[in-house]
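Structure first, then comments.
2 protein chains.
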Amino acid sequence: MRQANLPLCKEHFVSWFERRVERTVRRYKMIAPGDKVLVAVSGGKDSLALLCALRRLSERMGFELAALTLDLGIKGNSYSDESVKMARGGAKALGVEHYVVSIEERYGFTLDEAVEVARRPPCSLCGLLKRYALTDVARELGFDVLATGHTLDDVARFLLASYLSASIQELIRLTPVSPSELPGVPRRVKPFYESLEEHIELYANIMGLKYMRDGCPYARTAPTDRFRSFLDQVEAESPGMKHMMVRGYVKHIRPALISGLGTKIKPARPCSKCGLPSSGEVCSFCRLRSRILRALGKA
Amino acid sequence: MRQANLPLCKEHFVSWFERRVERTVRRYKMIAPGDKVLVAVSGGKDSLALLCALRRLSERMGFELAALTLDLGIKGNSYSDESVKMARGGAKALGVEHYVVSIEERYGFTLDEAVEVARRPPCSLCGLLKRYALTDVARELGFDVLATGHTLDDVARFLLASYLSASIQELIRLTPVSPSELPGVPRRVKPFYESLEEHIELYANIMGLKYMRDGCPYARTAPTDRFRSFLDQVEAESPGMKHMMVRGYVKHIRPALISGLGTKIKPARPCSKCGLPSSGEVCSFCRLRSRILRALGKA
């Protein structure tokens with residue numbers, strides 16, 4: 000087993016890793032004692048490792064924990080069926096209550112159908128769909144906090160993409176904590192904001208977690224692979240670079256941008272169709288959903 | 000001869016290229032009629048192409064033009080000797096007055112000596128030295144404007160490096176125009192801020208310019224090659240990306256940062272030793288110079 004260049008034995012690695020997650024949770028005030036926390040679990044290593052780490056932290060910090068898995072309806076490689084199975088097994092092994100919500104039952108279409116009719120890259124569609132559905136379900140179930148398994152590597156990659164496209168609106172969103180925008184809507188947190196994927200994988204393996212090893216069949220079309228390998232190479236040459244990039248963004252760049260944008264940042268208002276936070280009259284998910292249902296002849 | 004994917008004949012390419020440079024010069028108010036403009040010419044394709052394009056623009060816009068070459072004292076591959084020769088030939092062919100200033104005569108040490116005694120990467124040393132010396136000489140000769148051959152590719156690469164290191168002070172400096180910070184100090188401009196190197200090279204070749212083809216012997220140690228190849232790959236996949244990245248920075252990101260930083264940006268004051276703009280009591284060049292001269296036993 001790789002030791003991730005850390006001169007630590009298994010037990011010390013686990014406690015080092017979990018202490019780092021706890022530090023991130025406390026540093027950014029992600030979770031308060033008594034909070035009801037819902038963890039988005041895809042069945043992959045990052046989200047199952049997050050569920051495991053938060054399970055152990057929940058006892059020390061005193062918050063409630065449950066897991067939610069979206070059945071996206073991806074047929075290729077039985078991807079969604081396998082994901083749900085893995086997530087269910089993981090939650091059971093950790094003794095965490097587990098919700099499974101079918102996108103098709105809830106919104107009337109599968110991701111496969113959306114990919115077919117919407118003229119948009121699959122990963123962008125899926126991102127919008129998951130972000131919306133997780134918040135939607137977490138609100139309905141009355142959770143205070145929605146935790147996702149976004150890693151330091153994910154954040155660095157999104158940051159890089161936003162810097163290249165110079166899209167300030169995306170840039171200011173890449174925060175460890177997104178506060179609740181409307182009453183009843185949970186705040187979203189990323190407890191792995193300061194954790195590298197290589198350490199998360201090591202942790203998942205040491206803890207004996209069983210996770211999906213196959214990637215999503217759509218991911219092959221993602222253009223972010225180049226970003227990933229570039230950042231991995233720079234990190235290999237200058238260890239700590241990803242951390243410096245993300246930490247510098249949170250500490251220096253984002254605050255300056257936010258203060259500079261001032262009143263140009265519009266607060267969210269409730270979507271007139273679904274009530275979730277929106278920048279316009281109808282939120283982007285509801286607009287997308289109408290388009291998809293019309294194209295499928297279901298509306 | 001490559002046609003840079005533009006469906007243009009040579010004559011139309013030249014006028015398209017020069018119009019773009021003129022648009023950049025006017026868009027960012029780099030040069031006003033009557034200005035005395037000094038072009039920094041290293042002898043490479045970018046700076047000689049800049050001298051050529053500005054030579055032709057100077058007639059239409061009515062500004063004065065001269066060229067300045069620094070003899071840095073790099074012995075490897077007779078690099079500095081060749082550079083000065085190329086620059087001299089280019090300026091002569093274009094009928095532009097040409098100044099050559101020896102770093103050793105002016106400041107008491109060569110770049111080779113500086114590299115030997117200063118514990119700093121050669122490219123960073125050279126950057127500081129050139130930036131300082133060009134401004135210093137341009138001020139002494141009474142020029143209003145100092146023009147450098149920084150390209151769109153250069154700016155994109157510096158931007159990327161500054162985003163990764165999250166160094167806000169470097170980030171806000173990557174402007175097309177740096178206004179004069181103190182009376183008598185020229186403003187610095189980058190007329191190739193919106194021009195790609197592949198187009199500059201094509202222009203230099205069509206115009207029959209003779210330029211240095213060998214790179215600097217120190218450049219092999221530069222870590223920016225990875226940045227260069229990453230950006231080139233992304234540009235190849237998404238043509239226009241470098242332009243979008245740099246334009247988005249100038250239009251959106253930098254203004255927000257500047258307004259957000261507010262009073263945290265300290266105006267420059269004259270260095271107590273040399274009088275050029277400095278952030279502290281003594282400027283970083285004068286501090287470096289003292290250190291180098293002491294280490295060389297010359298002070």
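Protein chains in written order, with numbering that gives the first Met the number 0: chain A, 0 to 298; chain B, 0 to 298. The beta-carbon is built from N, C-alpha and C at its ideal position, and this holds for glycine as well. What you are looking at is a predicted structure, and each value in this text was computed from that prediction instead of being measured.
When the five nearest sequence neighbours on each side are left out, the beta carbons in the same chain lying within less than 8 Å of the beta carbon of Ile257 (chain A) are those of Ile171, Ile264, in order along the chain.
In this structure, Ala66 (chain B) and Leu50 (chain B) form a Cβ contact; the two beta carbons are roughly 6 Å apart against a cut-off of 8 Å. Between Leu151 (chain A) and His242 (chain A), the CB-CB gap stays under 9 Å. Judged by DSSP in its simplified three-state form, Ala294 (chain A) adopts helix. Shown here, His149 (chain B) sits in coil according to DSSP, grouped into three states, outside any helix or strand. Taken atom to atom, the span from the alpha-carbon of Tyr210 (chain A) to that of Pro190 (chain B) is near 54 Å.
The DSSP assignment places complete beta strand (DSSP E) segments of no fewer than 3 residues inside the stretch 138-191 of chain A at 144-146, 186-188, in order along the chain. Taking 9 Å as the cut-off, the beta carbon of Asp34 (chain A) is found no closer than this to the beta carbon of Asp135 (chain A). Look at Ala255 (chain B): its C-beta is under 9 Å from a C-beta on chain A. Interface criterion not met: the Cβ of Lys272 (chain B) is under 9 Å from no Cβ in chain A. Of all C-beta pairs linking the stretch 12-23 of chain B to the stretch 151-165 of chain B, fewer than three are shorter than 8 Å, placing the two stretches out of contact. Look at Tyr248 (chain A): its C-beta is under 9 Å from a C-beta on chain B.
Under the 9 Å criterion on CB atoms, Ile30 (chain B) is classed as non-interfacial with respect to chain A. Judged by pairs of C-beta atoms under 8 Å, the stretch 37-46 of chain B touches the stretch 192-204 of chain B, as three or more such pairs exist. Between Gly94 (chain B) and Arg54 (chain B), the CB-CB gap stays under 9 Å. Glu112 (chain A) and Arg118 (chain A) have their C-alpha atoms some 12 Å from each other. By the neighbour-count criterion, in which 16 or more other beta carbons inside 10 Å mark a residue as buried, Ser194 (chain B) falls on the buried side. Residue pairing for Lys241 (chain A): DSSP places it in no beta bridge. If you ignore the 5 residues before and after Tyr98 (chain B), its C-beta comes within less than 6 Å of the C-beta of Leu67, all in its own chain and listed in chain order.
In this structure, DSSP gives Thr68 (chain A) an extended state, which the three-state scheme calls strand. Within chain B, His251, Ile252, Ala255 have C-beta atoms less than 7 Å from the C-beta of Ile167 (chain A), given in sequence order. Inside the stretch 56-124 of chain B, DSSP marks whole beta strand (DSSP E) runs of 3 or more residues at positions 63-70, 96-101, from first to last along the chain. Contact between Met29 (chain A) and Val176 (chain A) is confirmed by a C-beta separation of about 6 Å, below the 8 Å threshold. When 9 Å is used as the limit between beta carbons, Met243 (chain A) is near these residues of chain B: Leu163, Ser164, Ala165, in chain order. The C-beta of Pro238 (chain A) has fewer than 16 other C-beta atoms within 10 Å across all chains shown, which makes the residue exposed.
Residue-level contact by beta carbon fails for Arg156 (chain A) and chain B, as no gap is shorter than 9 Å. Taking 9 Å as the cut-off, the beta carbon of Ser277 (chain B) is found closer than this to the beta carbon of Ala267 (chain B). Each residue's CA atom was taken as its position, placing Gly259 (chain B) and Arg253 (chain B) some 10 Å apart. Across the set B:Ile102, B:Ala92, B:Val154, the C-alpha of B:Ile102 shows the shortest separation from the C-alpha of Ser79 (chain B). In the three-state DSSP reduction, Val38 (chain B) falls in the strand class (E or B).
The C-beta distance from Val188 (chain B) to Ala146 (chain B) rounds to 5 Å, short enough to fall under 8 Å. One Cα belongs to Tyr192 (chain B), the other to Phe157 (chain B), and the distance between them is close to 12 Å. The beta carbons of Phe226 (chain A) and Ala160 (chain A) sit about 6 Å from each other, so the pair counts as a contact at 8 Å. Taking the C-beta atoms as reference points, Gly183 (chain B) is found no nearer than 9 Å to Arg130 (chain B).
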